[in-house]
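Engineer: Provided herewith is a single structure, encoded as structure tokens, for subsequent inquiry.
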Amino acid sequence: MKDSYTLKSLATLLENNKISSKELTSEYLKNIERGKELNCYNTVSKEKALIDAEKSDERRKNQNLRSKFDGIPIGIKDLFCTKGVTTTASSKILSNFVPNYESTVTQKCDDAGLISLGKLNCDEFAMGSTNKTSFFGPVMNPWKSVNSNNKLVPGGSSGGSAAAVSGDLCVASLGTDTGGSIRQPASFTGTVGLKPSYGRVSRWGIVAFASSLDQAGPITKTVEDAAIFLDIISGHDEKDSTSSVNPKENYYENLNPDIKGMKIGIPKEFRSDKLPASTQKSWDECADLLKTNGAEILDISLPYTMSALPAYYIIAPAEASSNLARYDGVRYGLRVKGNNLIDMYEKTRSEGFGDEVKRRILIGTYVLSSGYYDAYYIKAQKIRSLIKSDYVEAFKKVDAILTPSTPSTAFEIANEPSDPVQNYLNDIFTVPVNLAGLPGISIPFTNDENNLPIGLQLITNSFEEQKLLNVARNIEKTINYSETPEKWWLK
Amino acid sequence: MVAQMIESWNLVIGIEIHAQVNSKSKLFSPSPTDFGSKPNSQVSLIDAAMPGMLPVINKFCIEQAVKSGIGLNAKINKKSIFDRKNYFYQDLPQGYQISQFKDPIVGEGFVEIETENGQKKIGVERLHLEQDAGKSLHDQDPNFTFVDLNRSGIALMEIVSKPDMSSPEEAVEYVRKVRSILRYLGTCDGNMEQGSLRADVNVSVNKPGNELGTRCEIKNLNSFKFIHAAIVYEAKRQIKLIEQGESVNQETRLFNTQSGETRSMRSKEDAHDYRYFPDPDLLPLTLDDDWIKVLQDSIPELPDQIKKRFINEYSLSSYDANIIVSDKATSEYFEDVVKNRNPKLVTTWVTGELFSILNKKNLIIEDSPITSKQLGELVDNIENGKISNRQAKEVLEEMCESGKGALEIIDEKGLSQISDENEIESLVDIVLNSNPENVKKYKNGKDKLFGFFVGEAMKLSKGKANPKIVNDLIKKKLSQ
Numbered sequence: 000m001k002d003s004y005t006l007k008s009l010a011t012l013l014e015n016n017k018i019s020s021k022e023l024t025s026e027y028l029k030n031i032e033r034g035k036e037l038n039c040y041n042t043v044s045k046e047k048a049l050i051d052a053e054k055s056d057e058r059r060k061n062q063n064l065r066s067k068f069d070g071i072p073i074g075i076k077d078l079f080c081t082k083g084v085t086t087t088a089s090s091k092i093l094s095n096f097v098p099n100y101e102s103t104v105t106q107k108c109d110d111a112g113l114i115s116l117g118k119l120n121c122d123e124f125a126m127g128s129t130n131k132t133s134f135f136g137p138v139m140n141p142w143k144s145v146n147s148n149n150k151l152v153p154g155g156s157s158g159g160s161a162a163a164v165s166g167d168l169c170v171a172s173l174g175t176d177t178g179g180s181i182r183q184p185a186s187f188t189g190t191v192g193l194k195p196s197y198g199r200v201s202r203w204g205i206v207a208f209a210s211s212l213d214q215a216g217p218i219t220k221t222v223e224d225a226a227i228f229l230d231i232i233s234g235h236d237e238k239d240s241t242s243s244v245n246p247k248e249n250y251y252e253n254l255n256p257d258i259k260g261m262k263i264g265i266p267k268e269f270r271s272d273k274l275p276a277s278t279q280k281s282w283d284e285c286a287d288l289l290k291t292n293g294a295e296i297l298d299i300s301l302p303y304t305m306s307a308l309p310a311y312y313i314i315a316p317a318e319a320s321s322n323l324a325r326y327d328g329v330r331y332g333l334r335v336k337g338n339n340l341i342d343m344y345e346k347t348r349s350e351g352f353g354d355e356v357k358r359r360i361l362i363g364t365y366v367l368s369s370g371y372y373d374a375y376y377i378k379a380q381k382i383r384s385l386i387k388s389d390y391v392e393a394f395k396k397v398d399a400i401l402t403p404s405t406p407s408t409a410f411e412i413a414n415e416p417s418d419p420v421q422n423y424l425n426d427i428f429t430v431p432v433n434l435a436g437l438p439g440i441s442i443p444f445t446n447d448e449n450n451l452p453i454g455l456q457l458i459t460n461s462f463e464e465q466k467l468l469n470v471a472r473n474i475e476k477t478i479n480y481s482e483t484p485e486k487w488w489l490k
Numbered sequence: 000m001v002a003q004m005i006e007s008w009n010l011v012i013g014i015e016i017h018a019q020v021n022s023k024s025k026l027f028s029p030s031p032t033d034f035g036s037k038p039n040s041q042v043s044l045i046d047a048a049m050p051g052m053l054p055v056i057n058k059f060c061i062e063q064a065v066k067s068g069i070g071l072n073a074k075i076n077k078k079s080i081f082d083r084k085n086y087f088y089q090d091l092p093q094g095y096q097i098s099q100f101k102d103p104i105v106g107e108g109f110v111e112i113e114t115e116n117g118q119k120k121i122g123v124e125r126l127h128l129e130q131d132a133g134k135s136l137h138d139q140d141p142n143f144t145f146v147d148l149n150r151s152g153i154a155l156m157e158i159v160s161k162p163d164m165s166s167p168e169e170a171v172e173y174v175r176k177v178r179s180i181l182r183y184l185g186t187c188d189g190n191m192e193q194g195s196l197r198a199d200v201n202v203s204v205n206k207p208g209n210e211l212g213t214r215c216e217i218k219n220l221n222s223f224k225f226i227h228a229a230i231v232y233e234a235k236r237q238i239k240l241i242e243q244g245e246s247v248n249q250e251t252r253l254f255n256t257q258s259g260e261t262r263s264m265r266s267k268e269d270a271h272d273y274r275y276f277p278d279p280d281l282l283p284l285t286l287d288d289d290w291i292k293v294l295q296d297s298i299p300e301l302p303d304q305i306k307k308r309f310i311n312e313y314s315l316s317s318y319d320a321n322i323i324v325s326d327k328a329t330s331e332y333f334e335d336v337v338k339n340r341n342p343k344l345v346t347t348w349v350t351g352e353l354f355s356i357l358n359k360k361n362l363i364i365e366d367s368p369i370t371s372k373q374l375g376e377l378v379d380n381i382e383n384g385k386i387s388n389r390q391a392k393e394v395l396e397e398m399c400e401s402g403k404g405a406l407e408i409i410d411e412k413g414l415s416q417i418s419d420e421n422e423i424e425s426l427v428d429i430v431l432n433s434n435p436e437n438v439k440k441y442k443n444g445k446d447k448l449f450g451f452f453v454g455e456a457m458k459l460s461k462g463k464a465n466p467k468i469v470n471d472l473i474k475k476k477l478s479q
């Protein structure tokens, strides 16, 4: 199977009848089977996918396609509720949960004729940046360091979504991003990860982590595919009160890599001595490249950047502690019997949630408690406002901001820091974007000395996804990143 | 005894009314709200808090809350925020109730009530919107509690008063008044038996001149009788404690409708920490002036205004007007009857005989067996002297049974009154001539005998004689 498959190229193959949806789907199902070791999928919808592919081929024959991309198989993060297909959020507490409804985003995929191959592994309730908190075990990064045979984390929380695209277990996937959960794993796996503006994509039917930060988005091989996928999933949804009524654009059709005269900001607060030299070098090179291509590079300041992570780790757990209260064993999901109601709650939630989820529920409950609320939650909200205004000011001067996506490349599963705070630092470059509700994209730029992908992040103002994709496309076109991992799991 | 015991103390009473918003669908979901449906038959994915479900504000409920606010003479807040009130319970699917904590939709207002000492203004602190919880059924199974989520997510208005009431009677009057206003507005059906309107009552006692006492809250009172009884019991309980040298604990109490007592439910120390914070699934609610104006213009005439009008237009006493306007249907009924008729007579017949029939039959005025048209016809026949008051009562009773019109009954029963002066004069002559002794006594100053002559004359006419003419004629003849 060719690594060069993209949504775009597959659409052409299907259009020219070079391959049928059923053949394509079977091929990906085979890849999934062979790539079991990567542990990307929590659920593989083999039969359903094949039936859906046949139906797509039928539509193609009858010339009543749902879209140009009808019949292309994709993967879905196991956080999107899918009718009749187990939806677990990679948690024991939902391990038996089969929704009888379909999330708005996956419904839109279905409306476009995309075929779901199954549900992708992720950190439990999307809490984590290594995919190690999943009840179904960690996902393996398809990439390995040239200097070691040790397995690497794919990042998280959309680790399965990123690894699956990187390892060709699907051509594109859906992820969600609360503090970097699309961009960080995309960066670790050499894929493109797009987090849209808050409100651009409906949250209806997605298991909630932190409602004011959560946003669904695509992980793809190319910027073009990201634009195609965003076209499919975005738009106003009256079932989500926080969904924006801003009209969406035709991102793929309007994709224009011309950046002449654009101003790109380099925020000084993102600079750090701790940044690996290769990452720093890529960042500088990318700025030079944009300059060469006609953009103006400006040094800018986002003064509250360093306060973003502490604010995030108050706001996100606070919302999570409340959002996860519904998993109580009463109506669905795991129930562990108890002597009375409280006992049942305690046993169910003790057994049903993993350590990281419990940690965040505890933090969240604490910061919302009376007596602490003002000192933590209110203060964090104030910081969030300051961060927002940082970006408002910045976007008066620049069109887009360029930063590294992550402070390091993928690290070994065994080397995950035991201190949770160290782990939280993975999100340091991505979190401010969620707090400010902005769109951000991580694109692979080059590989480091260990042959591991380095991702760079672009950020634009709210609802300027088109501009974001245009700049990203400019970089993509110029560098033509085409590294692919050695498929060690096939041996 | 009770009154005396309480008398030397001040009572301070504040009330939270939970009024179910009159709406076909729930506050944040499209599920229906019909009362008495099969358990769990009115539950959407949102009401059951399935993963990934999101609330969407029901605009109609917002309108109802704003209308209610206007009816309570209150400030409408153009920006309000929905918060999550977090606690665990089996009938609370989300693990939190969506409510309004810091920024309610309606701010300060007031209602006026009638008291022994005249009108009194009771302050309203706020009105906010919140979701109702489901219902736990503990009596269906020996080992399990069953949960019915039909009520889960239904919109409630919580109306919080200031602690401005100082007797159980005032408390009842306040709840009555608020209920009446909401019913006039159509924002709550006020059905207390079905739980559409219930009250939590805060009571404290103190000696005049002393600082306020510690308050207790009595939860979930769903009748005027219970509100009254609970306050009396609670005040007595607190007074007794203080007089015994003990202190009142701040706590939440439940009223036992069987025994008429209150008992402790939880103390302040056990109170939940609800961890309120703004619901991130809902944007702040903003109302614009034009929209509020449209609602303001749609507000119907409310009891206080109607009362003033009745007093002016029909010269009703404040007392009578109050009784008539307390209920929208009654005031409409009254107005139907009173048009072009004698207001005093109509008032007497509505608040007297009609009410007593409804009471006896345990009916509300909407279901009155006597229509306003029928009662009007009856009043006409009293007014034109065709029948006496006493006869009219007979007609009314018959009307109630048969549903026939007044004239028809009068004809059938041959009830028409004798108003022919000559005919009555001959009756009066018979009475006076056959009682010469009494006539003499009367003329010697025994005034009381006047009634005797009237009674005899009426008896002779089988009650049909027009009493006014009988009176006049006897007076005339005896003074000759």
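From first to last, the protein sequence lines are chains A and B.
With numbering that gives the first Met the number 0 as the guide, the letters of the first sequence map in order to residues 0 to 490.
With numbering that gives the first Met the number 0 as the guide, the letters of the second sequence map in order to residues 0 to 479.
Built from N, CA and C at the ideal position, the CB exists for glycine as well.
Just so it is clear, the structure is predicted and the values come from calculations on it, not from any experiment.
1. To the nearest angstrom, report how far apart B/Asp-410 and B/Ser-371 are at their CA atoms.
2. Three or more C-beta pairs under 8 Å: does that hold for the stretch 93-112 of chain A against the stretch 147-156 of chain A?
3. Among B/Lys-458, B/Lys-343, B/Leu-315, whose alpha-carbon lies nearest the alpha-carbon of B/Gln-416?
4. So, under 8 Å CB-CB, B/Asn-57 and B/Leu-26 are touching, yes? Tell me the CB distance rounded to an integer number of Å.
5. Given that a residue counts as buried once 16 or more other Cβ atoms are within 10 Å of its Cβ, and exposed if not, what is B/Val-42?
6. Using the C-alpha atoms, what's the distance from B/Leu-155 back to B/Met-0?
7. Would B/Leu-26 count as contacting chain A if we go by Cβ distances under 8 Å?
8. Taking Cβ positions, are B/Val-105 and B/Arg-125 nearer each other than 8 Å?
9. Under 7 Å Cβ-Cβ, which residues of chain B neighbour A/Ile-205?
10. Could you please tell me which residues of the stretch 350-372 of chain A, in chain order, have their CB closer than 8 Å to any CB of chain B?
11. Just the Cα atoms here: how many angstroms apart are B/Asn-380 and B/Asn-388?
12. Should A/Tyr-480 and A/Phe-444 be called a contact, given that it needs their Cβ atoms to be closer than 8 Å?
13. If we cut at 8 Å on Cβ distances, does B/Pro-279 have a partner in chain A?
14. A/Asp-213: which of A/Tyr-311, A/Gly-370, A/Lys-290, A/Phe-135 sits nearest, CA to CA?
15. Under three-state DSSP, which class holds A/Leu-297?
16. Is B/Arg-83 close to chain A? Criterion is C-beta to C-beta, closer than 8 Å.
17. For A/Ser-157, decide whether its Cβ has a neighbour in chain B, counting only Cβ atoms nearer than 8 Å.
18. Give every residue of the same chain whose Cβ lies closer than 7 Å to the Cβ of B/Glu-268, excluding the five residues on either side of it in the sequence, and list them in chain order.
19. Can a CB atom of chain A be found closer than 8 Å to the CB of B/Ile-16?
20. Are at least three pairs of beta-carbons, each pair with one atom in the stretch 133-150 of chain B and one in the stretch 158-167 of chain B, less than 8 Å apart?
21. Report the neighbours of B/Ala-47 on chain A: residues whose CB is nearer than 7 Å to its CB, in chain order.
22. Keeping to the same chain, check which residues put their C-beta closer than 7 Å to that of A/Ala-435; ignore five residues upstream and five downstream.
23. Just the chain A side, please: which residues come within less than 8 Å of B/Ile-56 by C-beta, in chain order?
24. Please report how far the alpha carbon of A/Gly-293 lies from the alpha carbon of A/Gly-260, in whole angstroms.
25. Taking a contact to mean a Cβ-Cβ separation below 8 Å, would you say A/Ala-111 touches A/Asp-69 in this structure?
26. What do you get for B/Thr-285, buried or exposed, if any count of 16 or more other CB atoms within 10 angstroms of its CB means buried?
27. What residue does the beta strand (DSSP E) around A/Gln-183 start on, and which one ends it?
28. For the stretch 353-413 of chain B, which segments carrying the alpha helix (DSSP H) assignment without a break, of at least 4 residues, lie completely within its bounds, in sequence order?
29. Please name the residue in B/Cys-399, B/Ile-363, B/Asp-366 whose C-alpha comes closest to that of B/Leu-377.
30. From the DSSP output, which residues share a beta bridge with B/Tyr-95?
31. List the endpoints of the continuous beta strand (DSSP E) containing B/Phe-145.
32. Closest to A/Thr-364 by CA distance: which of A/Ser-384, A/Ala-315, A/Leu-333 is it?
33. For A/Ile-296, which of A/Asp-272, A/Ile-75, A/Lys-267, A/Lys-143 has the nearest alpha-carbon?
34. Taking the Cβ atom as the reference point for each residue, do B/Val-11 and B/Leu-211 lie within a distance shorter than 8 Å?
35. If I'm right that A/Asp-239 touches B/Leu-53 with Cβ under 8 Å, what's the distance once you round it to whole angstroms?
36. What is the DSSP secondary structure of A/Glu-14, reduced to helix, strand or coil?
Structural biologist: Judging by the given coordinates:
1. 21 Å
2. At 8 Å Cβ cutoff, the stretches do not touch.
3. B/Lys-458
4. The beta-carbon separation of B/Asn-57 and B/Leu-26, rounded to 6 Å, stays under the 8 Å limit for a contact.
5. buried
6. Residue placement at B/Met-0 is flagged as unreliable, the pLDDT there being 40, under the threshold of 50; a coordinate-derived value is accordingly withheld.
7. no
8. yes
9. Gly-51
10. Thr-364, Leu-367, Ser-368, Ser-369, Tyr-372
11. 10 Å
12. yes
13. yes
14. A/Tyr-311
15. strand
16. yes
17. no
18. none
19. no
20. no
21. Residues of chain A whose Cβ lies closer than 7 Å to the Cβ of B/Ala-47 are, in chain order, Arg-330.
22. Ile-386, Lys-387, Tyr-390
23. Contact note: B/Ile-56 reaches chain A through Ser-240, using a C-beta cutoff of 8 Å and chain order.
24. 6 Å
25. Yes, the Cβ-Cβ distance between A/Ala-111 and A/Asp-69 is below 8 Å.
26. exposed
27. Run containing A/Gln-183: none in the beta strand (DSSP E); it sits in the alpha helix (DSSP H), 182-188.
28. 354-360, 371-382, 388-401, 405-412
29. If we check each option's Cα against that of B/Leu-377, B/Cys-399 comes out closest.
30. B/Asn-85
31. 145-147
32. A/Ala-315
33. A/Lys-267
34. Their beta carbons are under 8 Å apart, which means B/Val-11 touches B/Leu-211 by this criterion.
35. Taking a contact as a CB-CB distance under 8 Å, the pair A/Asp-239 and B/Leu-53 counts as one, their CB atoms being some 5 Å apart.
36. A/Glu-14: helix per DSSP, three-state reduction.
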